[in-house]
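According to the numbering used here, the residues represented by the sequence shown are 76 to 634, in order. All C-beta atoms in this analysis are idealised placements derived from N, C-alpha and C, irrespective of residue type, glycine included. Computed from a predicted model, the values in this text were never measured in an experiment.
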Amino acid sequence: MSNLWHTIPFFPLLAAIALLLTGQRARAGIWLSCVPALAAALAAPPAIEPAFLWPGATWGADTVLQRGLLGGSAMLWLFAGVFSLAGPKEEDRSRLAFQLFWLISLSGNLLWLIAGDALSFYVGFSMMSLSAYGLIVHRRTIRVRQAGRLYLQIAVTGEMLLLTGLMLAWHESGGSFLFSVWREADFTAVTLLALIAGLALKAGFWPLHVWMPQAYPSAPPAAGAVLSGAMTKAGIAGLWMLLPAESPLLQQWSIPLLWLGLINLFYGALVGLVQRSAGETLAFSSVSQMGFLMVITAMAWHAPELRPALMVVVTLYIVHHGLAKGALFMATGLLAGGQPAGALARGLIAAGIALPALAIGGLPFTTGAAVKTALKDQLPAAGLEAYTLAAQLGALASTLIMLRALWLLRKLAKEDRPRERMSALHLIGWSVPACACLVLPWLWPPMRAAAFDSLALYKLGELAWPMAVAAGLAVMAWRLRWQPPGIRRSRNPALHLSLYLRRMLQRPPVPAPDPEEIPPQRTRRLERRWNHWWPRSTINNSIWLLLIVLVAASLYMTF
């Protein structure tokens, strides 16, 4: 049973090889490759130590955070993969490139989830982050390329900071890469800052969030679902997996970081309210929800004795938000791609889209009610009861931005354009994560206790009043015909800085070559052949090279 851990990151790579060899005949591997991860999350076999990789290599899921995220992420990847199979008709090479990047990103995502050591985490984190670029730029328009360039620049910056922090932490922990050793270590301020900054870039904490509103709407709906619902959570999970459990420095920084989380929460909601597309509004909603996760993390640093209970809360919140936001991103593709037949079908789909949106706002009897109740119950225990009102106002802000997203999704559904009937694969891939918001609280034991706790009458009132106020404000805005102020994309400073960096790197000052350093003629011919071969299909050639390395490593691990 322990060998199940080997198959989790290896199956997506095997599916990628099958796609390369057989084409679309092996496309079922896009969702079948998630099955080992789901099995491991349910069975929780003992961890393994593939010591032939490097000293201290450990794969498993020995915490509630890793088990919960492994099951929730695998579920989202599975059904988003089903959803992606019903995409628009396009060239075979374009579809194949998207599917290959999808599988490599999936492999990396699952690898960092089961990592028990820093090197495994970094390899999986890098595979996922860099391969996600291929998902973001799949549509290849000018705007998409701008978003992809910004994402890649920030991703590489985050990789550099994270690698710096990992090497410093390795040195300060006595030469160990094991998370179990790191949790008991006492890192310096420089090490902690490097790790937090590298992970914060991935999580999208303010003011490092600039890539998220650009990348999420640019990617296809299925890719946006896993970007927001699974990949971005690596930043938050890394803070829990890599950093010491009881660090005096983190305890000193906890209140400023809690305030940073509150800024994230309200900034994302306010800016999201003035967006004019559903995708951008959902992206800023993700920025806002990262604020809640940062607040929970800061609470664990402020009161280390509550870390086990708060680890359960952050796990529940990540799974809840991942499935709900994944369903909403897929809803944008569902409404744009087809038209349901009949009034009953349209009503059911509208209710299914509203369910995860209102769950994010804290709708009673849903995952949102369970996680928000669990969070508010921990504030007094951590000595932070003064922030209870801020948490309730955060629920009000979350509901407002979700109502704005639903309004924009309604406009998307009413746009006048040629439509086909909705694909069954679209409906299956979207409906399961959407319904999970209502079903999961009663089926998943860790969430069941929080769900029953949220049914107390006074707690239902605490959940209801922010939603009622948000609904009243939404009705008032509708009656007054409020329109958000226009936002000029050309003034986006992040895109301007990204373009400037690209131009600077493409035209560096090149000194005149020294005649003695000019390579021999034979070497020069080989260099020219390489340069002529590479630009013809950079993406496909990159996939081939990456697959060769990853498959060789996977075969070495297995045998």
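DSSP places Trp134 in the strand class (E or B) of the three-state scheme. Sequence-distant Cβ neighbours of Leu483 in its own chain, meaning closer than 7 Å and more than five residues away, are Ser352, Ala353, Thr356.
Put simply, of Leu270, Leu398, Ala526, Pro379 the residue whose alpha carbon is nearest the alpha carbon of Ser361 is Leu398. DSSP places Val231 in the uninterrupted alpha helix (DSSP H) bounded by 217 to 247. Under DSSP, Asp192 takes part in a beta bridge, and its partners are Leu253. In the DSSP assignment, Ala488 falls within the unbroken alpha helix (DSSP H) covering 463 to 489.
In the DSSP annotation of this structure, the continuous segment of the alpha helix (DSSP H) that includes Pro296 starts and ends at 296 to 301. For Ala269 against Gly240, the beta-carbon gap comes to about 3 Å, under 8 Å, which counts as contact. Straight through space, the alpha carbons of Tyr392 and Ala90 are spaced by roughly 31 Å. Shortest Cα-Cα distance from Trp286 to any of Phe367, Tyr208, Ala114, Ala122 involves Tyr208. Non-local beta-carbon contacts of Lys277 in its own chain, meaning distances under 6 Å to residues more than five positions away in sequence, involve Gly233, Ala309, Gly310 in chain order.
In this structure, the CA atom of Trp376 is about 40 Å from the CA atom of Arg218. The beta carbon of Leu348 is closer than 7 Å to those of Leu475, Ile476, Arg479, Pro559 in its chain, skipping five residues each way along the sequence.
Distance from the CA of Ala552 to the CA of Leu481, rounded to the nearest whole angstrom, comes to 14 Å. Between the alpha carbons of Ser169 and Leu153 lies a distance of about 21 Å.
Taken atom to atom, the span from the alpha-carbon of Pro319 to that of Thr138 is near 15 Å. Taking 7 Å as the cut-off, the Cβ atoms of Gly183 and Met203 count as close.
In the DSSP assignment, Gly98 falls outside any alpha helix (DSSP H), carrying neither H nor E. With 16 or more other CB atoms across the displayed protein chains lying within 10 angstroms of its CB, Leu144 is buried.
If you compare the alpha carbons of Ile189, Phe176, Leu324 with that of Pro295, the shortest gap goes to Phe176.
Here the stretch 457 to 472 makes no contact with the stretch 500 to 509; the two share fewer than three CB pairs at distances below 8 Å. By the Cβ neighbour-count rule, Met369 is buried, with 16 or more other Cβ atoms within 10 Å of its own.
Taking the CA atoms as reference points, Ser251 sits about 12 Å from Thr133. Looking at the DSSP output, Ile123 bridges to Trp134. Counting the other CB atoms within 10 Å of its CB gives His284 a total of 16 or more, which places it among the buried residues. In chain order, His395, Ala434, Cys512, Leu515, Pro516 place their CB closer than 6 Å to the CB of Thr442, counting only its own chain and leaving out the 5 sequence neighbours on each side. Look at Arg142 here: in three-state DSSP terms it is helix. Listed in chain order, the non-local C-beta contacts of Trp80 below 8 Å within the same chain comprise Ala115, Pro120, Ala122, Ile123, Trp134, Gly135, Ile189, local neighbours out to five positions each way being set aside. Check the Cα spacing between Lys451 and each of Ser322, Phe254, Leu385: the tightest is with Leu385.
For Pro111, the uninterrupted alpha helix (DSSP H) run begins and ends at 110 to 118, by DSSP. Taking the CA atoms as reference points, Gly146 sits about 11 Å from Thr390. Straight-line spacing of the CA atoms in Gln326 and Ala378 works out to 8 Å. The C-beta distance from Leu500 to Phe158 rounds to 7 Å, short enough to fall under 8 Å. If you draw a straight line from the Cα of Met235 to the Cα of Ser363, it is about 26 Å long. Straight-line spacing of the CA atoms in Leu178 and Leu95 works out to 12 Å. Judged by DSSP in its simplified three-state form, Phe280 adopts coil rather than helix or strand.
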